[in-house]
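K.L.:
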């Protein structure tokens, strides 16, 4: 690929670095405010990733996607930089993009391989919903932002973790803030392989290149058929979960106001 062939959307999102090789494998690297820093999750990431996944899905030159983080973590910290005091705030800041982010990830109609390069404690579902999920030996998995912080786990984690872990293990994971290390995640079927950090990305690219070599229609339709169940679950439960999460957040804010906090 020459510089002239580089799609405009590769450089359109401040928190995503993208590159594509001659096999059509798109490497998507999530990062912080600086391209060389790990993600500290903000409202900018929420918006970028929603629109970024849509752009990726619309580009039929992508034959497979590898999704990874930057540095020593996948997503492990966040800054709460949204003022969510009214239903309108929640709709604009969370609900509008929140409904679309997982849908648009699932609408990428080529195989998606995740390379979880370190702790994934915030939006880990973006990785573990992949067709193949690889983890560094340093990776951990948790849902830190919700119940541990007094928030309803309604932004899709209630769908993904109950699906992956089963009803009882999934509820325990969300309600206790349980952390799974890489080997436990492998044992429970959350990830498919655990590798040393220096072998992770190359292994992900190996899987991606193998799948990118399939007939394009076969590759696309394989992704479609393998994500159909997730799409149905997301359609049924995501909007409702986000609404309940918003009501819970407004309840906390209202209670804090009554107590002068």
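Residue numbers (the UniProt record's numbering): 1 to 261. The beta carbon of each residue, even a glycine, is placed where N, CA and C say it ideally should be.
Have a look at the DSSP bridge pairing and note the partners of residue 181.
P.N.:
140
K.L.:
So, are the CB atoms of residue 16 and residue 39 less than 7 Å apart?
P.N.:
no
K.L.:
Considering only C-alpha positions, which residue in the set 7, 193 and 248 is nearest to residue 61?
P.N.:
7
K.L.:
If residue 102 sits next to residue 156, beta carbons under 8 Å apart, how far is it from one beta carbon to the other, in whole angstroms?
P.N.:
5 Å
K.L.:
Give the straight-line distance between the Cα atoms of residue 5 and residue 134, rounded to the nearest whole angstrom.
P.N.:
30 Å
K.L.:
Between residue 200 and residue 136, what straight-line distance do the alpha-carbon atoms span, to the nearest angstrom?
P.N.:
6 Å
K.L.:
Tell me, to the nearest whole angstrom, how far the beta carbon of residue 26 is from that of residue 56; I am working on the premise that it is less than 8 Å.
P.N.:
7 Å
K.L.:
Candidates 204, 153 and 107: which alpha carbon is nearest residue 225's?
P.N.:
107
K.L.:
Please work out which residues of its chain come closer than 6 Å, Cβ to Cβ, to residue 13, disregarding the five sequence neighbours upstream and downstream, and give them in chain order.
P.N.:
48 and 52
K.L.:
Identify every run of the beta strand (DSSP E) within the stretch 89 to 134, keeping only runs that are complete inside it and at least 3 residues long; order them along the chain.
P.N.:
If only complete runs of 3 or more residues are kept, the stretch 89 to 134 shows the beta strand (DSSP E) at 112 to 116, in order along the chain.
K.L.:
Which whole-angstrom value is the C-beta distance of residue 86 and residue 31, which I expect to be below 8 Å?
P.N.:
Their Cβ separation, rounded to whole angstroms, is 32 Å, which puts residue 86 and residue 31 out of contact at 8 Å.
K.L.:
Please identify the residue among 90, 63 and 113 whose C-alpha is closest to the C-alpha of residue 218.
P.N.:
63
K.L.:
Give the DSSP-derived three-state secondary structure of residue 2 in the structure shown.
P.N.:
With a pLDDT of 43 at residue 2, under the threshold of 50, the predicted position of this residue should be treated as unreliable, though the coordinate-derived value follows. Reduced to three states, the DSSP call for residue 2 is coil.
K.L.:
Taking all protein chains shown into account, decide if residue 121 is buried (16 or more other Cβ within 10 angstroms of its Cβ) or exposed.
P.N.:
buried
K.L.:
Starting from the C-beta of residue 2, find all residues in its chain whose C-beta is less than 8 Å away, skip the five residues before and the five after it, and write them out in chain order.
P.N.:
Because residue 2 sits at a pLDDT of 43, beneath the cut-off of 50, its placement in the model cannot be relied upon, and the point is left open.
K.L.:
Specify whether the stretch 170 to 190 and the stretch 141 to 156 touch according to this definition: at least 3 beta carbon pairs, one from each stretch, less than 8 Å apart.
P.N.:
yes
K.L.:
Near residue 37, what residues of its chain come up, given a Cβ to Cβ distance below 8 Å and the 5 sequence neighbours on each side ignored?
P.N.:
31, 70 and 71
K.L.:
Pull up the distance between the alpha-carbon of residue 150 and that of residue 84, whole angstroms please.
P.N.:
15 Å
K.L.:
I'd like the ranges of any beta strand (DSSP E) spanning at least 3 consecutive residues and lying wholly in the stretch 197 to 250.
P.N.:
none
K.L.:
Restricting to Cα atoms, I'd like to know which of 65, 9, 95 and 11 is closest to residue 46.
P.N.:
From the listed residues 65, 9, 95 and 11, the smallest Cα separation to residue 46 is found for 95.
K.L.:
Mapping the DSSP letters down to three states, classify residue 163 as helix, strand or coil.
P.N.:
helix
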